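Notes follow the structure.
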Amino acid sequence: MTAQTPPSPPFRDPQVPTAKRIDDLLSRLTLDERIAFLHQYAPAVERLGVAAFRTGQEALHGVAWMGPATVFPQAVGLGATWNEELVHRVGEAVSKEVRAMRARDDRVGLNVWAPTVNLLRHPLWGRNEEGYSEDPKLTSAIATAYTRGLRGDHPAYWRTAPVLKHWLAHNNETGRDITSSSVRPRVLHEYDLRAFRETVEAGAVAGVMPAYNLVNGRPNHVSPLLGEHLRTWTDEDLLVCSDAVAPSNLVDSEHYFDTHEEATAAALIAGVDSFTDHGTDSSKIIARVRGALSQGLLTEEDIDRAVRRQLSVRFRLGEFDPQDDPYADTSDFDTSAHRALAQEAAEQAIVLLKNDDGTLPLAPGTRVAVVGLLADECKADWYSGTFLHRSTPLEGLYERFGTEHVEFAEGADRVRLRTSAGTFLHAPAAEDAPDVVRGAEGALDPALLAGRTDLPALTTDAEGTEFALVDWGEGLLTLRAPDGRYLSVAEDGYVRASADQPGGWVVQETFRLEPHGADASDGSHEERHLLRHVGTGRHVSVAADGVKVADENETSPEIFELIVAERGEESVKSASARADVVVVVAGNDPHINGRETEDRTTLRLPAHQRRLLEAARAANPQTVLVLVSAYPYAVDVTEIPAALWTAHGGQAAGTALARVLAGDVSPAGRLPQTWYADDADLPDLLDYDIIGSRQTYLYFEGTPLFPFGHGLSYASFAYADLTAEAADDETLRVSFTVTNTGDVTADEVAQLYTRAPESQAVRPLRELLAHRRVTLDPGASTTVSFELPLSCLEFWDVASGGRRLAPGAYDLLVGASSEDIRARTTVQLTGTPAAPRPVHQLGLAAADFDEQRRAEIVDLTKVSGDAVTPAGGNEAELLYRDCDFGAGVTEITVEVAGKGVVEVVLDGEAEAAAVLTPTPTAGPYDYTRVRASLTADGGIHDVRLKLRGPLRLARVDFSG
């Protein structure tokens, strides 16, 4: 007899509803198997034919960390395109390359950790390059386009499964795992949640990743907002993946919980489904979950809920239906279409900041000097793939204008380093050594990539090697040998000319020169230095077997004299003087001074690059400044006739720049964030109250260097025929025409803003409602129409605890930037009038203030709720407007913890109406209720509370 083939289990049957398939598979997994699924590296279950699964494939602007791939512009550059259709195509291309790469390397995952939707609130944030914009509407529009491209358009199966980063209010690298972002309710609902919400609601998001920081005193990895908000925005199961090591941080650095079992249980219950911790070693997370179960901190239902969400994503990716997966055979990788798209994206990301007297575009036959530290660079960042192709500005200009018309000067200082023995550092030749590009082989954790040890270590000799020295700012230097390799230090401690570029999680290619007195014996008064290697923190020493960094208990650091053969500005002056036009390419190296783990300290262009810019302009007034950077700068362009900015533009950056400079493409990128004129315009990096501190274009009252939405064109545009109507109780219709009044075909980004001039609450000075990028031939016109829900004009009313459309006038402004308004009109809306706070019946939640001074919001308990405390335990003020005391009150009750004083002032009176001094409590969550007499007439009053000392105020009640 022939044995019958057993029937396939329901989880293998695509005709069975997905929810029932998940139920079936979940029921077949043992408890140990389910627990193992909670780690990032979920193991295979061979008895069921279930493969291993890894969450997390970086794909921010191309497939990252897994070797060569198409590299698109940085995320902030994609944001600068203001073009959802383009970004959708970029997302498609990236996800196709993910699928193609996975077909030959199963280390490549389909659960992609992208995009980053953190708002670019503060330009000194080190990870500015990863976000799209300071504006939530623009951020969500670009993020939605990217996620839809990543997802694919099949109704059931997903090409990749995007995870949004980093939930929530995360804009500082300084102390990022221990600092708390104080986010008032209005900022939370109108700003930080909004970018996530609108992207999730669009339906192409598989999950989110919580950020390292705390919000209102509570770590994001145990945030109740995951359940209260995130999971209510979609019917899809969302997979919440922890950030790397963050689960351990709950105990180890944040000290929020006493044990890892408590922390793991709290994170799982709050909504974390996949734990990224301890690399590929899942044993510690498994042990913690088992411990939490045995202690009664978790139930099997808690585990099953998380595993179900992971399985939901795996089913959507077609893992269990390979025969039906429409993306299974995707092979598009480094195609001509992808290469063309990378160039198109780089072109569309370029922003023309200034263009006096038609300096640009450059005329044919122009003799161009291209100078600057980035003139012959095409930089990758931490989340880039390895370049298959690369184009620098110099190469692009050579190709476009001809080598005979282009002259180059980098502007690096040419130096030698003389030892105390009179010899010089020497980089031995390594002609036969292979060229090795960092990361070309791919790595699941590129932080573990080791430096090269196959090249000879530096030595000393009588002549020495002339190195190219660049000061990137903050005293951080790189030294490059004549063969183009950077000085670097590998694990053995020797200094070699071995790196193709600075890079790595811990950059091993940066040094500091530390003054070490002066030697006047020969009358030269040359300053001497110690040379500190930043990556190891050790000084460079010279030993018999080579130059190395060593334990200074074993080897004394060498004292060097810096001999400058040529200052960079000299070569720049010479090249500039011989040219018709000078193109100065300045900016940042994405691995130095502003990156993940490291915030910037200033908006200023580094001094070395300022010197080069000044030298070029002094030699030739026809100077064009090109800023290639991951973030804004405060740079004086008064005397510079033309300036452009682009983020690091990926593999086609140089070609794209040359085509814009030549006028083959009219620039139409727009700034996705405010460029401030000075550091003094910035609030503290940790001040997340954009309303109170007047941050971003929404509230900034000063004069920016360049405003949000700014960008010029080689054409000119006219706006006309603006109409607006609130057609019903739900819809706002706006229409206008845009005409190309110039003589070249060009794109225009038409922007629609609103403001509420009659609002009693502080509202944005301007707020982006919609935008559209259009292409117009000379003389052509188009009608731009928007149909928007009236809810886009609502704000979060702290008095009612919800969104409200206030009645009154709303200005509608259209134009080319947030400050270049070309037409305006006004609509009158009935809305819902403000109601006084019913404090006599409901009291006041402390965090629902209208205004604050020196206050921080903290966690009411470790599970949920907010309280308010003075920053630094000193003194704070809270203002609550329009409080309805009913027929009058005679008593006030405050709920507080800690030690301090609460003073109550009514209606701006000089004298306190009540002073409460609670008995100190032992812990931050040990609340007590304290009463005092408070006599006040009925009606509406403003209540001002003054808090003194390290106490937490939870709420205030009135009675009588």
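Reminder that position 227 of the sequence shown reads as 1238 in our numbering, one-by-one numbering, no gaps.
C-beta: ideal position from N, C-alpha, C; glycine also.
None of these values were measured; they are calculated from a predicted model.
Self-check item: Endpoints, alpha helix (DSSP H) assigned at GLY1579
Solution: It spans 1579-1588 - the alpha helix (DSSP H) in which GLY1579 sits, taken as one unbroken run.
Quiz item: What are the partner residues of GLY1598, as DSSP defines its beta bridges?
Solution: For GLY1598, the pairing in a beta bridge is given by DSSP as VAL1639.
Self-check item: Selection from ALA1654, PRO1568 and GLU1577 that minimises the alpha carbon distance to PRO1526
Solution: Taking only the C-alpha atoms, the option nearest PRO1526 is PRO1568.
Exercise. Decide yes or no for the touch test of the stretch 1421-1436 against the stretch 1105-1116: beta carbon pairs closer than 8 Å, at least 3 of them.
Key: With contact defined as three or more Cβ pairs closer than 8 Å, the stretch 1421-1436 and the stretch 1105-1116 are not in contact.
Quiz item: DSSP puts THR1742 in a beta bridge; with which residues?
Solution: Looking at the DSSP assignment, THR1742 forms a beta bridge with PRO1800.
Quiz item: Opposite ASP1877 in the DSSP bridges: which residues?
Solution: Residue pairing by DSSP places ASP1877 opposite ASP1870 in a beta bridge.
Quiz item: To the nearest whole angstrom, what separates the beta carbons of GLU1902 and SER1193, a pair I think is in contact under 8 Å?
Solution: The pair is not a contact, with the Cβ atoms about 30 Å apart (cut-off 8 Å).
Quiz item: Three or more C-beta pairs closer than 8 Å, one from the stretch 1608-1623 and one from the stretch 1482-1491: is that the case here?
Solution: As far as the Cβ criterion goes, the stretch 1608-1623 touches the stretch 1482-1491, which means the pair count is three or higher.
Exercise. For GLU1044, I'd like the list of residues in its chain whose CB is within less than 7 Å of its CB, leaving aside the five on either flank, ordered along the chain.
Key: Here the set comprises VAL1056.
Quiz item: Taking the alpha-carbon positions, what's the THR1092 to THR1489 distance?
Solution: Going by C-alpha positions, THR1092 is about 32 Å away from THR1489.
Exercise. Inspect the beta-carbon positions of ALA1898 and HIS1851 and report whether they are closer than 9 Å.
Key: Yes. Within cutoff.
Exercise. Classify GLU1625 as helix, strand or coil using the three-state DSSP reduction.
Key: Reduced to three states, the DSSP call for GLU1625 is helix.
Quiz prompt | Option nearest HIS1200 by Cα separation, candidates THR1666, ALA1820 and ASP1808 | solution = Of THR1666, ALA1820 and ASP1808, the residue nearest in Cα terms is ASP1808.
Quiz item: What does THR1270 pair with, by DSSP beta-bridge criteria?
Solution: According to DSSP, which records beta bridges pairwise, THR1270 is partnered with nothing at all.
Quiz item: HIS1133 lies in the alpha helix (DSSP H); which residues open and close that run?
Solution: Judged by DSSP secondary structure, HIS1133 falls outside any alpha helix (DSSP H); it is assigned neither H nor E.
Self-check item: At least 3 beta-carbon pairs within less than 8 Å: the stretch 1673-1691 vs the stretch 1356-1367
Solution: Three or more beta-carbon pairs separated by less than 8 Å link the stretch 1673-1691 to the stretch 1356-1367, which places the two stretches in contact.
Quiz item: Thinking C-alpha only, which one of THR1939, ARG1892, VAL1926 and ALA1925 is nearest ASP1918?
Solution: It is ARG1892 whose Cα lies nearest to the Cα of ASP1918.
Quiz item: How long is the line joining the alpha carbons of GLN1026 and ASN1224, rounded to whole angstroms?
Solution: Approximately 43 Å between the Cα atoms of the pair.
Quiz item: Is TYR1789 buried or exposed, if buried means 16 or more other CB atoms sit within 10 Å of its CB?
Solution: What sits at residue 1789 in the sequence shown is Pro, not Tyr. By the neighbour-count rule (16 or more Cβ atoms within 10 Å), PRO1789 is not buried but exposed.
Quiz item: CA-CA distance, ARG1815 and GLU1805?
Solution: So the two alpha carbons sit approximately 5 Å from each other.
Quiz prompt | Whole-angstrom C-beta distance between TYR1936 and VAL1880, which should lie under 8 Å | solution = What sits at residue 1880 in the sequence shown is Thr, not Val. With a Cβ gap of about 12 Å, THR1880 and TYR1936 do not count as contacting.
Practice problem: Could you pull out every residue in the same chain whose Cβ sits closer than 6 Å to the Cβ of ASP1698, ignoring the five residues on either side in sequence? | Solution: These residues qualify, in order along the chain: SER1704.
Practice problem: Could you check what DSSP says for GLN1026 in three-state terms: helix, strand or coil? | Solution: Coil at GLN1026, not helix or strand.
Quiz prompt | Residue from VAL1518, HIS1540 and LEU1250 whose Cα sits closest to the Cα of LEU1524 | solution = Residue HIS1540 holds the alpha-carbon nearest to the alpha-carbon of LEU1524 among VAL1518, HIS1540 and LEU1250.
Quiz prompt | Backbone CA spacing between THR1171 and PRO1457 [nearest angstrom] | solution = Approximately 22 Å, taken between the alpha carbons.
Exercise. Using beta-carbon positions only, say whether LEU1179 and PHE1207 come within less than 9 Å of one another.
Key: Yes.
Quiz item: How far does the alpha helix (DSSP H) with GLU1095 in it reach, from first residue to last?
Solution: First-last of the alpha helix (DSSP H) with GLU1095: 1095-1115.
Quiz prompt | Option in ARG1491, TRP1169, TYR1687 and ALA1213 with minimal Cα separation from ASP1246 | solution = Selected option, being the one with the closest Cα: ALA1213.
Self-check item: TYR1725 and PRO1372 closer than 9 Å at C-beta
Solution: A contact, by the Cβ cut-off of 9 Å.
Quiz item: Start and end of the alpha helix (DSSP H) containing LEU1668?
Solution: Per DSSP, LEU1668 belongs to the alpha helix (DSSP H) from 1664-1673.
Practice problem: Provide the residue span of the beta strand (DSSP E) that contains LEU1853, from first to last. | Solution: For LEU1853, there is no enclosing beta strand (DSSP E); the enclosing alpha helix (DSSP H) has its first and last residue at 1850-1853.
Exercise. Using only alpha-carbon positions, find the residue among ALA1080, ARG1378 and ALA1167 that is nearest to ALA1119.
Key: A quick correction: the sequence has Val, not Ala, at residue 1119. Checking every option, the nearest Cα to that of VAL1119 belongs to ALA1080.
Self-check item: Complete runs of the beta strand (DSSP E) confined to the stretch 1142-1192 [at least 3 residues]
Solution: DSSP runs (the beta strand (DSSP E)) wholly in the stretch 1142-1192: 1172-1178.
Exercise. For HIS1072, name the three-state secondary structure that DSSP assigns.
Key: It is coil, neither helix nor strand.
Quiz item: Per DSSP, what kind of secondary structure is PHE1048 in: helix, strand or coil?
Solution: DSSP places PHE1048 in coil when its eight states are reduced to three.
Quiz item: Do VAL1905 and ARG1940 have their C-beta atoms closer together than 9 Å?
Solution: Yes.
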